Amino acid sequence: MKKRILLSMLFMLGLSVFVVGCNGEEVSETVADNDEVVKEIEEEADPDNTFTGPLTINPDIPDLDVLDIGPHGEQAESAKDLILTEEELQQIREGGYTAAIVMHYSGTDYMNAAVGAMRDTFERMGIEVIAETDAQFSAETQVNDIETVLARQPDIMISVPVDAVSTAGAYKQAIEQGVNVVFMDGVAEGLEPGEDYISIVSGDNSGNGAAAAHIMAEKLGGEGKIGVVYHDVNFFVTKNRSDAFEETIKNEYPNIEIVAKGGITGPNDGEEVASAMITRNSDIDGIFAPWDVPAEGVMSAARAAGREDLIITTVDLGENVARSIASDGIVKGLGAQLPYDQGVAQAILAGYAVLGKEAPPYVASPAIKVTQENVLDAWELIYGVEAPANVQDALK
1 MKKRILLSML FMLGLSVFVV GCNGEEVSET VADNDEVVKE IEEEADPDNT
51 FTGPLTINPD IPDLDVLDIG PHGEQAESAK DLILTEEELQ QIREGGYTAA
101 IVMHYSGTDY MNAAVGAMRD TFERMGIEVI AETDAQFSAE TQVNDIETVL
151 ARQPDIMISV PVDAVSTAGA YKQAIEQGVN VVFMDGVAEG LEPGEDYISI
201 VSGDNSGNGA AAAHIMAEKL GGEGKIGVVY HDVNFFVTKN RSDAFEETIK
251 NEYPNIEIVA KGGITGPNDG EEVASAMITR NSDIDGIFAP WDVPAEGVMS
301 AARAAGREDL IITTVDLGEN VARSIASDGI VKGLGAQLPY DQGVAQAILA
351 GYAVLGKEAP PYVASPAIKV TQENVLDAWE LIYGVEAPAN VQDALK
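What follows is the structure in structure tokens.
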């Protein structure tokens, strides 16, 4: 990452937010390779490492309408409206609070950025992260993770439920223990905002699904046959994406026909489902996948079938799909979330909880439409660092 980029971001934020990528090894290899540069810039910008001022997400994120609806029918409020003042931050620091981060799975670009943001922001807030867990998409493992974490008596828990039903009892136990729960991308069944949990933070999943539909239609010239790979579990955010994609196609592009649909239950099921879809529909022109990891499986299925002409759109800007977009490959574009800023928003809402500050029940970051024309700029906005070298090289 070049000095001018981080210095510019620090100036624009008025030192009001975290240093983007300061825990770089958790965000991307690009930052990990430049730790000394980042350290030097941090010292130049704030030699005492005090970072005063209000805490918000990146104000340079576009002011776009947020379309998403929460699990209880609530209209999402923009994450750009969240703020903790310096006085509130100092009050939080004096509380000596602890937090646990209980994830459904980890290791992707998206998850690394989100969890890295939580760590960075909690550090600024003076909140100690005492546990991080990865359930590897197993509800049973996540229940055990929650029970283990509760023995350490955290004040805050940020979590993505693997399954809304089978994990509900464990989350209720956490709430009964007095833990302030902030959900990410989903909520356990039977829990109410403001009563049981603080809030949910996500991207604008409906907006991202619609963006993927518009890109698909543009690349098809407004007509063709397509398939939809959807997430066949009780997970409202991925349902919002697929629903918005289908509704946008049906309502705005009458000459595009959805001829096949196939469900996945895990991130690695995309190839098998897409392969069957392509075999049964030899004249299919495009496929939508609910996020970047299953989209990689769709890419593999298309290549194996000799269908390099297939058009794929998805949600979430991971490195592999970014490289395909940059090279004008099979993936033509996507709707992107802002994982780092969503991680910051989750930590801010945890601050709301310990302060007793009223929180909106559902918060979303604006959707970012990503195509070959803006893939490098989008990566920088989303992750706070330049795109990996292989993505930049693919564009050349």
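Heads up, the sequence shown is in the UniProt record's numbering, so the first residue is 1 and it goes up one at a time.
Here a beta-carbon is modelled for each residue, glycine too, at the ideal position from N, C-alpha and C.
Predicted model, so just to flag it, every value in this text is computed and none were measured.
Subject >> Contact set for A113: own chain, Cβ-Cβ below 6 Å, skip 5 residues either direction >> reply: Spatial neighbours of A113 in its own chain (CB-CB distance under 6 Å, excluding positions within 5 residues in sequence) are listed in chain order as V27, P339, Y340, Y383.
**OP:** Determine contact between the segment 138-151 and the segment 162-175, defined as no fewer than three beta-carbon pairs at a distance below 8 Å.
**Re:** yes
Original post:
Excluding five sequence neighbours on each side, which residues of the same chain lie with their C-beta closer than 8 Å to the C-beta of E147?
Top reply: Result list for E147: A170, Q173, in chain order.
**OP:** Throw me the rounded Cβ distance for the S202 and V237 pair, which I believe falls under 8 Å.
**Re:** 5 Å
Original post:
Hey, how far is the Cα of N58 from the Cα of F235?
Top reply: 27 Å
Subject >> P290 - DSSP class collapsed to helix/strand/coil >> reply: coil
Subject >> Reduced DSSP category for V214 - H, G, I as helix; E, B as strand; rest coil >> reply: Note on identity: in this sequence residue 214 is His, with Val being the wrong assignment. If DSSP states are grouped into helix, strand and coil, H214 belongs with the helices.
Original post:
With 16 as the cutoff for other CB atoms within 10 Å, does T265 come out buried or exposed?
Top reply: Classification for T265: exposed.
Original post:
So, is Q90 buried or exposed, given that buried needs 16 or more other C-beta atoms within 10 angstroms?
Top reply: exposed
Subject >> Three-state secondary structure assigned by DSSP to S242 >> reply: helix
Original post:
Ends of the beta strand (DSSP E) at D196?
Top reply: No beta strand (DSSP E) holds D196; DSSP gives it neither H nor E.
Original post:
For the beta strand (DSSP E) that R359 lies in, which residues bound it at each end?
Top reply: A quick correction: the sequence has Ala, not Arg, at residue 359. Neither: A359 is in no beta strand (DSSP E) and is coded neither H nor E.
**OP:** May I ask you to list the residues that DSSP assigns as paired with F183?
**Re:** S159, I200
Original post:
Comparing alpha-carbon positions, which option in L150, N144, I101, D63 lies nearest E132?
Top reply: For E132, the nearest C-alpha among the options comes from I101.
Original post:
Using CA coordinates, which residue listed in A378, V363, Q346 is at the minimum distance from V370?
Top reply: A378
Original post:
Touch check for the segment 321-334 and the segment 295-313: three-plus C-beta pairs under 8 Å?
Top reply: yes
**OP:** Use the C-beta contact count for S282: other C-beta atoms within 10 angstroms, 16 or more gives buried, fewer gives exposed.
**Re:** exposed
Original post:
So, helix, strand or coil for G224, using DSSP?
Top reply: strand
Original post:
Under the rule that 16 or more other beta-carbon atoms within 10 Å means buried, what is N268, buried or exposed?
Top reply: exposed
Original post:
Excluding sequence positions up to five away, which residues of its chain have a Cβ less than 6 Å from the Cβ of E271?
Top reply: G297, S300, A301
Subject >> As assigned by DSSP and simplified to three states, the class of E77 >> reply: strand
Subject >> Secondary structure of L82, DSSP reduced to three states >> reply: coil
Original post:
What three-state label does DSSP hand K172 in the structure shown?
Top reply: helix
Subject >> Which listed residue (G335, V293, I156, G95) has its alpha carbon closest to that of A213 >> reply: If we check each option's Cα against that of A213, G335 comes out closest.
**OP:** Report the residue from L355, D65, A289, A347 whose alpha carbon sits nearest the alpha carbon of A129.
**Re:** According to the sequence as given, residue 129 is Val; it is not Ala. V129 has its Cα closest to that of A347, out of L355, D65, A289, A347.
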